[in-house]
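Below is one structure; the comments refer to it alone.
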Amino acid sequence: METPALRRVLRPVHLWAIAVGLVISGDYFGWNYGLAHGGPVGMGIATLAVTVLYVCFIFSYTELSTAIPHAGGPFAFAQRAFGPWGAYFAGAATLLEFLFAPPAIARAIGSYVHFRFPALPLDVVAVGAFVVFGTINAVGVSIAATFELIVTVLATFELALFFGLTAPHVETARLFAHPLLPHGVRGVFTALPFAIWFYLGLEGVAMSAEEVVNPSRTIPRAYLAGIATLVTLALGTLICTAGVLPWPELVRDDSPLPHVLARVLSPGHPMTHLMVYLGLLGLIASFHGIVMGCSRQVFALAREGLLPRSLAALHPRLNTPVRAIGLSALVGAVATLSGRTDALITLSVLGALGVYVVSMAAVIKLRRSEPGLERPFRAPLHPWLPAMAIALSMVAFVSVGVGSPAVVGSFLAVLALGAVVFRATRSANSPDARS
Numbered sequence: 025m026e027t028p029a030l031r032r033v034l035r036p037v038h039l040w041a042i043a044v045g046l047v048i049s050g051d052y053f054g055w056n057y058g059l060a061h062g063g064p065v066g067m068g069i070a071t072l073a074v075t076v077l078y079v080c081f082i083f084s085y086t087e088l089s090t091a092i093p094h095a096g097g098p099f100a101f102a103q104r105a106f107g108p109w110g111a112y113f114a115g116a117a118t119l120l121e122f123l124f125a126p127p128a129i130a131r132a133i134g135s136y137v138h139f140r141f142p143a144l145p146l147d148v149v150a151v152g153a154f155v156v157f158g159t160i161n162a163v164g165v166s167i168a169a170t171f172e173l174i175v176t177v178l179a180t181f182e183l184a185l186f187f188g189l190t191a192p193h194v195e196t197a198r199l200f201a202h203p204l205l206p207h208g209v210r211g212v213f214t215a216l217p218f219a220i221w222f223y224l225g226l227e228g229v230a231m232s233a234e235e236v237v238n239p240s241r242t243i244p245r246a247y248l249a250g251i252a253t254l255v256t257l258a259l260g261t262l263i264c265t266a267g268v269l270p271w272p273e274l275v276r277d278d279s280p281l282p283h284v285l286a287r288v289l290s291p292g293h294p295m296t297h298l299m300v301y302l303g304l305l306g307l308i309a310s311f312h313g314i315v316m317g318c319s320r321q322v323f324a325l326a327r328e329g330l331l332p333r334s335l336a337a338l339h340p341r342l343n344t345p346v347r348a349i350g351l352s353a354l355v356g357a358v359a360t361l362s363g364r365t366d367a368l369i370t371l372s373v374l375g376a377l378g379v380y381v382v383s384m385a386a387v388i389k390l391r392r393s394e395p396g397l398e399r400p401f402r403a404p405l406h407p408w409l410p411a412m413a414i415a416l417s418m419v420a421f422v423s424v425g426v427g428s429p430a431v432v433g434s435f436l437a438v439l440a441l442g443a444v445v446f447r448a449t450r451s452a453n454s455p456d457a458r459s
């Protein structure tokens, strides 16, 4: 039986768009929940710490992505380094990350649309997003990637425009309002998961590796250009929002940027309306990109037998994993109706942290166990960069446990249940069981 294979059509500009597009919605909403924990100063400290985490992570992750270009991404890296159980943990963590990020973004899309058109219910718009963009993903990767490029460029331009309009109104007194740390050092600690939202999903670029032209050159360029873009956008967003509105007004708001611009201009100003429309493009860029990445993860896990193999089927004409796309969209649409944006963000962050730890451990392990593996890109300062990423990821995981123990318990319970099913499936498929 022929192994399903994806078509190589993505070039550097497409991959940069996917890298930035996967993440850019984090500038539009989600991060502001962290202000309730640390205020602007605490959130700023948390954001700088998370930026260090991602810089360390991306250099090492790029080494893995170019050495092992596979649609499974972290799952494939962990399988190579640690065998089936490492593959299970990485695959399950990635799946949880990419299943629960889209529902959170879908709710923000609904909130932005509802802000402009109050008659449209948030939930209807959010569920509709899965139908529309699941369909675009199914049509073909070339069309999907071109769409991602267009909306990412427009969303990046829109953030630059937002910075230009709001920067003159930034007041340092708001950024450094007393008390500087409303909940002390603990507040900085518990703000970390929301700072991660500024960058969460960047690792999803690796899931497009089998569709990239010349991955050994394209992937490093895309990752390095992507992280530079995202650092600039994250710091600009934090300063140009919390420096304009008092931070308590920004907490638990799924459309903070339009509200900031409405204060600077007016709710009815044309630029405020433009902010809503272009802001939607930023949310759509991430939503579309993560749905795309999630479907590739489902496809890769199914192809390896960790999920039902029928999910690895490719459409005979479109050559896209339509069943994997459909399942990802269905689960996301149901999760959207929970209404718990903060919990969805937290679950996604927990999955991401699991991915970061196992991927960085795989970098260190493969350097020792396979020194002859061809590595078109070698991470500098090895093993210090991956070790730093592991340490910061563990700190962030503990911070989630302190701030959201029930969500962490649910996350661990799902992993444990999946492990039981995985073990039973492996035992049933073993040679002894089949004889």
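So for the sequence shown, the numbering used here puts the first residue at 25; every next one is plus one.
Glycine included, every Cβ here is placed at the ideal spot set by N, Cα and C.
Nothing here was measured: the structure is a model prediction, and the numbers come from that model.
Between Glu182 and Leu302, the CB-CB gap stays under 8 angstroms.
Between Val268 and Asn161, the alpha-carbon positions lie close to 38 angstroms from each other.
Per DSSP, Thr90 is one residue of the alpha helix (DSSP H) stretching across Leu59 to Ala91. Note that the C-beta distance between Leu409 and Phe101 is not below 8 angstroms. For Ile160, the enclosing alpha helix (DSSP H) begins and ends at Leu146 to Val163. Per DSSP, reduced to three states, the secondary structure at Ser334 is helical. If you draw a straight line from the Cα of Pro192 to the Cα of Ile349, it is about 44 angstroms long. Val44 is not a Cβ neighbour of Leu305, given a cutoff of 8 angstroms. In the same chain as Val346, and ignoring 5 residues on each side of it, the C-beta atoms closer than 8 angstroms to its own belong to Ala162, Ala337, Leu338 and His339, in chain order. Under the three-state reduction of DSSP, Asn238 is assigned to coil, being neither helix nor strand. Counted as a single uninterrupted DSSP element, the alpha helix (DSSP H) harbouring Gly313 occupies residues Pro294 to Arg327. About 5 angstroms separates the beta carbons of Leu59 and Val275, which is inside the 8 angstroms limit, making them a contact pair. DSSP, read as helix, strand or coil, puts His406 in coil. Phe113 is the residue among Ala197, Phe113 and Trp109 whose C-alpha sits nearest the C-alpha of Leu436. Each residue's CA atom was taken as its position, placing Ile129 and Ala153 some 10 angstroms apart. Counting along the chain, no alpha helix (DSSP H) covers Arg341, and no H or E run does either. The DSSP-derived three-state label of Tyr380 is helix. When the five nearest sequence neighbours on each side are left out, the beta carbons in the same chain lying within less than 8 angstroms of the beta carbon of Phe171 are those of Ile160 and His312, in order along the chain.
For Glu121, the enclosing alpha helix (DSSP H) covers residues Pro108 to Arg140. Taking 8 angstroms as the cut-off, the Cβ atoms of Pro244 and Ser423 do not count as close.
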